[in-house]
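Trainee:
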Ligand code: PLP
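In UniProt numbering, the protein residues as written are 10 to 427.
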């Protein structure tokens with residue numbers, strides 16, 4: 010860090026500012042986490058210098074002996090941890106991993122059946138503003154209005170009607186377990202390739218806290234930076250029969266040189282995720298998510314689908330007469346970072362939204378457990394009700410902010426450099 014401070018004080022100041030933000034508040038964005046110093050060391054290493062187009066032993070550049078080791082170690086760890094026949098650690102992100110899967114199995118114009126963005130799916134699952142919805146014929150399924158659980162009857166009906174090339178399971182804002190066996194059955198019936206986008210919950214799978222999609226899916230795409238607690242990036246797991254198609258779709262079809270520092274950092278995260286401590290962490294993430302959801306329900310919010318089985322909860326704020334946008338900005342004023350989120354059948358515009366999505370992966374990494382979750386729920390419920398600019402609103406937000414600062418001081422995110 011000293012060399013950064015000497016060379017570029019402005020960027021050093023940004024890094025310290027971000028560290029202060031992480032240390033000074035609660036990070037409740039369900040897709041974020043706090044990587045270990047070991048992961049950060051690999052990320053900030055000289056491996057960033059290396060061009061390594063291709064795969065270990067089959068590179069287009071010389072000098073790849075060391076980065077080959079990193080990639081081989083990483084892919085072996087991924088195969089072992091997830092019981093997968095093949096792993097590719099090169100995707101630069103979750104979206105890149107999904108792009109590669111489309112490229113491996115479909116052609117522009119083919120039909121893809123995936124979860125509606127408005128009901129919890131991801132942009133890469135067929136949104137019009139994304140390659141997936143503009144280059145492919147995207148058909149969407151959603152959740153049932155009564156239970157807010159995936160409507161498997163609708164998935165089957167749409168699959169029979171549209172005969173998709175790809176059937177995608179997985180979501181960005183779905184708090185419940187997904188029935189992979191049901192998706193497998195539907196995919197088999199219509200001859201679709203079953204892709205599970207496990208970006209959000211792959212870390213819970215790694216820690217044994219939720220069932221694995223690997224035995225069911227043809228391909229599993231992931232991000233490595235959410236619950237899994239690795240560097241920002243993507244990963245693809247697949248059956249051996251698809252290995253060649255997947256590898257070629259990542260490089261040379263959709264990417265150039267891999268980010269070898271990120272590949273090495275993914276290897277580090279996978280090693281960490283294989284430890285008993287990580288198993289305990291993953292279990293605690295789910296316990297904490299449930300505790301947060303029930304604390305917030307007790308404070309008058311409504312948990313979509315009645316609760317959570319995973320690392321995230323979606324809270325409907327309409328019972329409090331609040332929007333997601335209001336809650337997000339009030340929480341931020343009280344040092345609590347979360348995101349507004351559409352709820353299923355949301356009457357509000359996405360930029361306003363009726364809900365918030367919260368998750369405890371980061372605060373659980375800090376060592377927080379059920380008592381802290383109860384405290385966080387209490388503080389959050391207080392903050393979102395405080396109207397900024399009103400006679401008491403700003404005072405309440407300042408008071409909550411001070412209590413948050415006290416809470417995180419006891420279990421800090423990272424040490425601050427001297
Ligand atoms: N797939 C799902 C289900 C996601 O939730 C996300 C990101 O939130 C992605 C893919 C894309 O990941 P990235 O932001 O790394 O491109």
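From the three backbone atoms N, C-alpha and C, an ideal C-beta is built for every residue, glycine too.
By the three-class DSSP mapping on this structure, what secondary structure does residue 11 have?
Mentor: Three-state DSSP puts residue 11 in a helix.
Trainee: Would you identify the three-state DSSP class for residue 95, choosing helix, strand or coil?
Mentor: The answer is strand: DSSP assigns residue 95 an E or B state.
Trainee: Identify, in the order they occur along the chain, each residue of the same chain with its Cβ nearer than 7 Å to the Cβ of residue 249, setting aside the five sequence neighbours on each side.
Mentor: 94, 95.
Trainee: If I measure Cβ to Cβ from residue 181 and keep anything under 7 Å in the same chain, skipping five residues before and after, which residues do I get?
Mentor: Closer than 7 Å at Cβ, skipping near neighbours: 129, 130, 131, 209.
Trainee: Three or more C-beta pairs under 8 Å: does that hold for the segment 258 to 268 against the segment 284 to 293?
Mentor: Flag = no, the segment 258 to 268 and the segment 284 to 293 do not touch.
Trainee: May I ask you to report which of helix, strand or coil DSSP gives residue 432?
Mentor: Since the first and last residues shown for the chain are 10 and 427, residue 432 lies out of range.
Trainee: What span of residues does the alpha helix (DSSP H) with residue 150 cover, start to end?
Mentor: Unbroken run through residue 150 is the beta strand (DSSP E), 146 to 150; no alpha helix (DSSP H).
Trainee: Helix, strand or coil for residue 349, going by three-state DSSP, please let me know.
Mentor: Reduced to three states, the DSSP call for residue 349 is strand.
Trainee: Tell me which residue opens and which closes the alpha helix (DSSP H) that residue 385 is part of.
Mentor: Looking at the DSSP string, the run of the alpha helix (DSSP H) that includes residue 385 is 379 to 394.
Trainee: What's the C-alpha gap between residue 345 and residue 48?
Mentor: Cα-Cα distance, rounded: 25 Å.
Trainee: Using a Cβ-Cβ cutoff of less than 7 Å, which residues in the same chain neighbour residue 420 once the five nearest sequence positions on both sides are dropped?
Mentor: Counting only Cβ-Cβ distances below 7 Å, and skipping sequence neighbours, we find 375, 376, 377.
Trainee: Ignore the nearest five residues each way along the sequence and tell me which others in residue 383's own chain have a CB closer than 7 Å to its CB.
Mentor: Only 300, 304 meet the Cβ criterion.
Trainee: Using DSSP with H/G/I as helix, E/B as strand and the rest coil, what is residue 269?
Mentor: In this structure, residue 269 counts as helix in the three-state DSSP scheme.
Trainee: For the segment 13 to 23 against the segment 156 to 176, do three or more pairs of beta-carbon atoms, one drawn from each stretch, fall closer than 8 Å, so that the two count as touching?
Mentor: Verdict: no, contact absent.
Trainee: My guess is that residue 135 and residue 152 are in contact by the Cβ rule of under 8 Å, so how many angstroms apart are they, rounded?
Mentor: Going by Cβ atoms, the distance from residue 135 to residue 152 rounds to 16 Å, so no, they are not a contact pair.
Trainee: What's the C-alpha gap between residue 243 and residue 252?
Mentor: So the alpha carbons of these two residues sit roughly 16 Å apart.
Trainee: Closest to residue 247 by CA distance: which of 262, 228, 237 is it?
Mentor: Nearest option by C-alpha distance: 228.
Trainee: Taking all protein chains shown into account, decide if residue 381 is buried (16 or more other Cβ within 10 angstroms of its Cβ) or exposed.
Mentor: The residue is buried, with at least 16 neighbouring Cβ atoms inside 10 Å.
Trainee: Measuring straight from C-alpha to C-alpha, what distance separates residue 33 and residue 338?
Mentor: So the alpha carbons of these two residues sit roughly 17 Å apart.
Trainee: Taking residue 394 as the reference, give the member of 320, 309, 295, 211 with the closest Cα.
Mentor: Per the Cα distances, 309.
Trainee: Which full runs of the beta strand (DSSP E) of 3+ residues lie inside the segment 131 to 198, going along the chain?
Mentor: DSSP runs (the beta strand (DSSP E)) wholly in the segment 131 to 198: 146 to 150, 175 to 178.
Trainee: According to DSSP, what are the bridge partners of residue 310?
Mentor: BP columns for residue 310 are empty, so no partner.
Trainee: Excluding the five sequence neighbours on either side, which residues of its own chain have a C-beta within less than 6 Å of the C-beta of residue 222, listed in chain order?
Mentor: Contacts found: 189, 205, 207, 229.
Trainee: Let me check you understand the geometry: is the CB of residue 179 closer than 7 Å to at least one non-hydrogen atom of ligand 1?
Mentor: Residue 179: yes, Cβ under 7 Å from ligand 1.
Trainee: Any idea what DSSP makes of residue 245, helix, strand or coil?
Mentor: Correct three-state label for residue 245: strand.
Trainee: Any contact between the segment 409 to 424 and the segment 349 to 359? By contact I mean 3 or more CB pairs, one from each, below 8 Å.
Mentor: Counting Cβ pairs under 8 Å, fewer than three are found: no touch.
Trainee: On the CB-based measure, 16 or more other CB atoms within 10 Å of its CB, does residue 66 come out buried or exposed?
Mentor: Exposed: under 16 other Cβ atoms inside 10 Å.
Trainee: Assign residue 64 to one of three DSSP states: helix, strand, or coil.
Mentor: Strand at residue 64.
Trainee: Would you kindly report the start and end of the unbroken alpha helix (DSSP H) that includes residue 367?
Mentor: Per DSSP, residue 367 belongs to no alpha helix (DSSP H); it is in the beta strand (DSSP E), 364 to 367.
Trainee: Count the other CB atoms, across all protein chains shown, that sit within 10 Å of the CB of residue 10; report buried if there are 16 or more and exposed otherwise.
Mentor: Per the 10 Å Cβ criterion, exposed.
Trainee: Between the segment 231 to 245 and the segment 189 to 204, do three or more beta carbon pairs fall short of 8 Å?
Mentor: No contact exists between the segment 231 to 245 and the segment 189 to 204.
Trainee: Between residue 125 and ligand 2, is there a pair consisting of the residue's CB and a ligand heavy atom that are separated by less than 7 Å?
Mentor: Ligand 2 is not among the ligands present in this structure, which contains only ligand 1.
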